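**Q**
Protein chains in written order, with my numbering: chain S, 1 to 273; chain X, 1 to 847.
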């Protein structure tokens, strides 16, 4: 938490070692000509290692696109992306896949699990794909943290929505990736399950030093993070350390579309919600 | 509006459309191909027949007793010709012709044109309007000269000046090719082989009579004056001739021949249609499965239509409309494919030695109507049940998040399956204690029930069986294999329907294989037991070989005995049957012929009968049988002995040479057994071989060769059955492609997620490939199980009828299993490619 200072500054100071992931002058454009939309417009930022970072913004602000680019799921049109000290931009598909497998964890809003596999198999899936043996001790710790011990041999269809999302969290944590990207992880959950999931994420950052990046448009969810990046119309507009739901909400209110952004932001973007 | 909806929906999913249509296409192609093949062949023969009748308006032939080719011909004396010349006023030309069997052997002893093609020898006569035209060289003149028809020469790579061996029913003679000629009726070229001799030579070689003696003919051709009809002329000729001559108007002769050909093709067609129906049945599975999946993916859309007021009937009609459109597309492609299939069938028939006259493919209106009717009806019918179920969806489902079709439990299927299984068990158990035809019938019933059982139980079986089959894959590949196995087990009905399609083809193939292999093993065993001679001399052509060869071998030192055997033809109770003309005592050693009843000395008009045939006809010692000899004489012969069925003497009747030859003119030998002195085996063998060097028409065969011959016949039939079933297996493979392709679409998000958490493209490909292999292996396991089971039951039922040994060829069955794996791998290529091409982000976002 203490490292949550100066997001952009790290990069400018040229100390990339402290960032779990970085974006340098990243732009992403959808469509051409009149229908052209700048989903990301020259974004430069750094995700601090061992922190819980929130990416916030109104619908269509480019926050999901940013996350997808950082995670190597989407290509950028300009700029560079680093995960740790590896530059993603320019990597071949095969290396990108390996990078995602070995160094990145994912939690999606919905449809997070493979229905044919049990909870435990879902948790160890990335390691199984890589053909690695899971660290038994660490696996036990993770399973206990998400309190799934008695549900390990159930299929996803036999689990509640909250339980399924906890399995997804456990899967992301189990392989100890450099960064976990969570895309609206509580979007499909009722509030008590949502609170539960957010608490895990916060806890795992505090206890194990896991780096987590979470995209959300919910100020309450953002309140669990260490620092929040605000995005509007594809541009990084602000950041906030130790946010609270009230502070975030207040900040969001100020994002009523300013005059110059209107032309770029109004058309519907393909990315994010 | 509903039509528009159906068309829009089709247009939106072109690829699915094509794949579903392919299943229809292949089945229709088979049906259409069979019909085109038939029509084409018929037309070819019609052309041929027209040319045949152009020879003469009326043909006179001795009444033919036998259609068998090597039955010796009967001849018309010259007096008949002069009689006709004097007494038929409306004849404009009367000609006696000498023709008959004549095969050309190359220097290596091969019969030009193959052994099962017709071989015709004719008289070369140059006269006004002659049908024969020399193209190269000159006409044959002396006793050593022969002219060869152009196509025949090409087949045998013969040219003018070559020395060939010409074999007729009466003689084998070395001759020089004097020239090549063209037939006037070119349609016959390639269907038969033709050689022509000078008139005197033709008479000697083809009729066996001396040119110096009275002239005799094999046929007389009569032409009519312009205004006289064929019927009138025929009546005039008939009035002149005694009743032992057949007088036929050209058109009647053509009609008669056409009828014979039609009957043959009717039979062939019926066999081919059985296989076509199998292909269509397999296709039906695929269409059914595809529609089930397509509709499952469209439940929300259907529910929405219901919510906005469409009735169930309307929705069903939309779906059936789509099915009909696919049926039309599939039938159109199938009709085109049928042309290809017709060529394939032609090639297949050619492998059996039947050369068909060449002709462009004939597509009759009936073929077109049948193709479309079959394609559309089958598609609509196969789509009907999925459509009914899909439209049961309640309108509110459109508003719910997770929509799925109502599904009946598998219990009903399971119960029906178990009842059928019990029936199968009873029928097969019953067949064990039954005998003969009864056992065969019980096996047939059991076989059909077994198929229904397998189909009914396949969904229930799919989960446990695939777990076992997939275990090695999972063990080796870890999570990828585990996922594919789970995917294959996920929807038992879908997997079962896909696998069942493969099961049908493979079960029939393996059943045929087990039966064929058992037949081979049984023949081997019997030949080991009964092939008592060192060698058997056999003709390379159908006709036989001359007694000279026998005499030559008999003279070789170290030869203990040579037993010549003539295979003749007699009509027994109205049916032409081959009869072994030999002294039964002489067959005791070389063929281990065993008499079960009666005695081995045959007198005039006495007969020995094989055990099976005697039982079939209910004959006992002393029974009398009505027969007709080749010369047309009717006689009553007595059964004086019954012999044990024999693997060397495969014919069912034995008659003494004295008795038979009194009524038949041919003197060619069809087989001779050579018994060597044991102490000089090697030298005697070499001596026999060199003695026969001058007789290229004679093949020397030992026991191993006899086994090989027996095998060849069985294997050829097996190969043809496999070729005919191949199409149904291809359709089944398409079914796997279809099922997997649609499954991949259904699992877009799942695959996206796997890719996001780090599954590489190669792993996704393997996952889908293994799934296909699991499904294919499941189908193959069911198919092989069924096929081997029914095949073994068939062998038991026929153990008294020549298939005494059960042989399950594990190597061949293993190859089938591996082929199933290969089918799975190939079928997965396209779905796997599609799966890896999906954009990860879009996949995950997809609702």
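Think of the CB as a built atom: it goes at the ideal place given N, C-alpha and C, for glycine as much as any other residue.
Computed from a predicted structure; not experimentally measured.
Taking only three categories from DSSP, how would you classify residue 162/S?
**A** Translated into positions along the first chain, residue 162/S becomes position 162. Here residue 162/S sits in helix by DSSP.
**Q** In whole angstroms, what separates the C-alpha of residue 388/X from that of residue 295/X?
**A** Residue mapping note: residue 388/X aligns to position 388 of the second chain, counting from 1. Residue mapping note: residue 295/X aligns to position 295 of the second chain, counting from 1. One C-alpha to the other measures close to 10 Å.
**Q** Please name the residue or residues paired with residue 77/X in a DSSP beta bridge.
**A** Within the second chain, the letter at position 77 stands for residue 77/X. Bridge partners of residue 77/X: 216/X.
**Q** Mind listing the chain S neighbours of residue 771/X? Cutoff is C-beta to C-beta under 7 Å, in chain order.
**A** If you number the second chain from 1, residue 771/X lands on position 771. Ordered by position in chain S, no residue passes the 7 Å Cβ test against residue 771/X, which lies about 11 Å from the chain.
**Q** Quick one: using the 10 Å Cβ neighbour count with 16 as the cut-off for buried, is residue 681/X buried or exposed?
**A** Mapped onto the second chain, residue 681/X falls at position 681. Looking at its Cβ environment, which holds fewer than 16 other Cβ atoms inside 10 Å, residue 681/X is exposed.
**Q** Applying the criterion that 16 or more other CB atoms from any shown protein chain within 10 Å of the CB defines a buried residue, is residue 603/X buried or exposed?
**A** Reading the second chain from its first residue, position 603 is the one you call residue 603/X. Exposed is the call here.
**Q** Would a check of beta-carbon distances place residue 759/X closer than 8 Å to chain S?
**A** If you number the second chain from 1, residue 759/X lands on position 759. Closer than 8 Å: yes.
**Q** Less than 8 Å between the C-beta atoms of residue 73/S and residue 271/X, yes or no?
**A** By one-based count along the first chain, residue 73/S stands at place 73. By one-based count along the second chain, residue 271/X stands at place 271. No, these two residues do not count as a Cβ contact at 8 Å.
**Q** Can you give me the Cβ contacts of residue 746/X inside the same chain, cut-off strictly under 7 Å, excluding the 5 residues immediately before and after it?
**A** Numbered from its first residue, the second chain carries residue 746/X at position 746. For residue 746/X, where only same-chain residues beyond five positions count, the Cβ hits under 7 Å are 297.
**Q** Which residues, in order along the region 54-70 of chain S, keep a beta-carbon less than 8 Å from a beta-carbon of chain X?
**A** Against chain X - using a Cβ distance shorter than 8 Å - the residues of the region 54-70 of chain S are 68.
**Q** Residues of the region 130-141 of chain S with a CB closer than 7 Å to any CB of chain A: list them in chain order, please.
**A** The chain inventory of the structure shown lacks chain A, comprising the protein chains S and X.
**Q** Can you tell me whether residue 227/S is helix, strand or coil according to DSSP?
**A** Locating residue 227/S in the first chain gives position 227, counting from the first residue. Reduced to three states, the DSSP call for residue 227/S is strand.
**Q** State buried or exposed for residue 128/S, treating a residue as buried only when at least 16 other CB atoms are found within 10 Å of its CB.
**A** Working through the first chain from its first residue, we reach residue 128/S at position 128. Label assigned to residue 128/S: buried.
**Q** Please tell me whether residue 299/X and residue 393/X are closer than 8 Å, where the distance is taken between their beta carbons.
**A** As a first step, residue 299/X must be located in the second chain, where it is residue number 299. As a first step, residue 393/X must be located in the second chain, where it is residue number 393. Yes; because the gap between Cβ atoms is below 8 Å, this pair is in contact.
**Q** Could you check if residue 530/X is buried or exposed, using at least 16 other CB atoms within 10 Å of its CB as the buried criterion?
**A** Here residue 530/X is taken as the residue at index 530 of the second chain, counted from 1. Classification for residue 530/X: buried.
**Q** What does the Cβ neighbour count give for residue 69/X, buried or exposed, with the cut at 16 atoms within 10 Å?
**A** On the second chain, position 69 is the one that residue 69/X refers to. The predicted model places residue 69/X with a pLDDT of 46, which falls under 50 and marks its position as unreliable; any figure quoted below should be read in that light. Result: exposed.
**Q** Exposed or buried, what is residue 157/S when buried is set at 16 or more other beta-carbons lying within 10 Å of its beta-carbon?
**A** Taking the first residue of the first chain as 1, we reach residue 157/S at position 157. Answer is exposed; the Cβ neighbour count stays below 16.
**Q** Against chain S, does residue 746/X count as a neighbour if the rule is that its beta carbon must be under 8 Å from one of theirs?
**A** Start at 1 with the first residue of the second chain, and residue 746/X comes out as number 746. By this cut-off, residue 746/X is not an interface position.
**Q** Is there a C-beta anywhere in chain S that falls below 8 Å from the one on residue 844/X?
**A** Position 844 of the second chain holds residue 844/X. Answer yes: the Cβ-Cβ gap between residue 844/X and chain S drops below 8 Å somewhere.
**Q** Closer than 9 Å by beta-carbon distance: list the chain X residues that pair up with residue 94/S, in chain order.
**A** Taking the first chain and counting its residues from 1, one reaches residue 94/S at position 94. Correct list: 760, 761, 762.
**Q** Please name the residue or residues paired with residue 240/S in a DSSP beta bridge.
**A** As a first step, residue 240/S must be located in the first chain, where it is residue number 240. Its beta-bridge partners are 228/S.
**Q** With DSSP as the reference, identify every bridge partner of residue 95/X, one or two as the case may be.
**A** For the purposes of this step, residue 95/X is taken as residue 95 along the second chain, with counting starting at 1. DSSP lists 221/X as partners of residue 95/X.
**Q** Buried or exposed for residue 175/X, please, with buried defined as at least 16 other CB atoms from any protein chain shown within 10 angstroms of its CB.
**A** Within the second chain, residue 175/X is the residue found at index 175, counting from 1. Looking at its Cβ environment, which holds 16 or more other Cβ atoms inside 10 Å, residue 175/X is buried.
**Q** Classify residue 217/S: buried if its beta carbon has 16 or more other beta carbons within 10 angstroms, exposed otherwise.
**A** By 1-based counting over the first chain, the position of residue 217/S is 217. It is buried - the Cβ of residue 217/S has at least 16 other Cβ atoms within 10 Å.
**Q** For residue 829/X, which residues from the same chain have a beta carbon less than 7 Å from its beta carbon, with the 5 sequence-adjacent residues on both sides left out?
**A** Here residue 829/X refers to the residue found at position 829 of the second chain. There are no such residues.
**Q** Among the residues of its own chain, which have a CB less than 7 Å from the CB of residue 561/X, if the five just before and after it don't count?
**A** Locating residue 561/X in the second chain gives position 561, where the first residue counts as 1. For residue 561/X, where only same-chain residues beyond five positions count, the Cβ hits under 7 Å are 675.
**Q** For residue 144/S and chain X, any beta-carbon pair shorter than 8 Å?
**A** Start at 1 with the first residue of the first chain, and residue 144/S comes out as number 144. Chain X contact via Cβ: absent.
**Q** Around the Cβ of residue 489/X, are there at least 16 other Cβ atoms within 10 angstroms (buried) or fewer (exposed)?
**A** Sequence index remark: in the second chain, residue 489/X carries index 489 (1-based). By the 10 Å Cβ count, residue 489/X comes out buried.
**Q** Using a Cβ cut-off of 8 Å, pull out every chain X residue sitting near residue 166/S, in sequence order please.
**A** Counting from 1 along the first chain, the entry for residue 166/S is found at position 166. Chain X residues near residue 166/S: none, gap ~16 Å exceeds 8 Å.
**Q** Mind pulling the chain S residues with CB within less than 7 Å of residue 765/X?
**A** Walking along the second chain from the start, residue 765/X turns up at place 765. Neighbours of residue 765/X on chain S: none; closest Cβ ~13 Å, over 7 Å.
**Q** Residue ranges of each alpha helix (DSSP H) run of no fewer than 4 residues wholly in the region 748-813 of chain X, ordered along the chain?
**A** Runs of the alpha helix (DSSP H) inside the region 748-813 of chain X: 748-756, 761-797.
**Q** Is residue 840/X close to chain S? Criterion is C-beta to C-beta, closer than 8 Å.
**A** For the purposes of this step, residue 840/X is identified with residue 840 of the second chain, where counting begins at 1. So yes, residue 840/X belongs to the interface.
**Q** Does the count of Cβ pairs from the region 226-237 of chain S and the region 74-83 of chain S closer than 8 Å reach three?
**A** Not touching, per the Cβ criterion.
**Q** Mind checking if residue 490/X is an interface residue toward chain S, Cβ cutoff 8 Å exclusive?
**A** The residue labelled residue 490/X in the question sits at position 490 within the second chain. Yes, its Cβ sits closer than 8 Å to a Cβ of chain S.
**Q** Using a C-beta to C-beta distance shorter than 8 Å, which residues of chain S count as neighbours of residue 749/X?
**A** Residue mapping note: residue 749/X aligns to position 749 of the second chain, counting from 1. Those within 8 Å of residue 749/X in chain S are 111.
**Q** Which residues in chain S sit within 7 Å of residue 286/X, going by Cβ to Cβ distance?
**A** In the second chain, counting from the first residue as 1, residue 286/X sits at position 286. Per Cβ cutoff of 7 Å: no residues; residue 286/X is ~24 Å from chain S at best.
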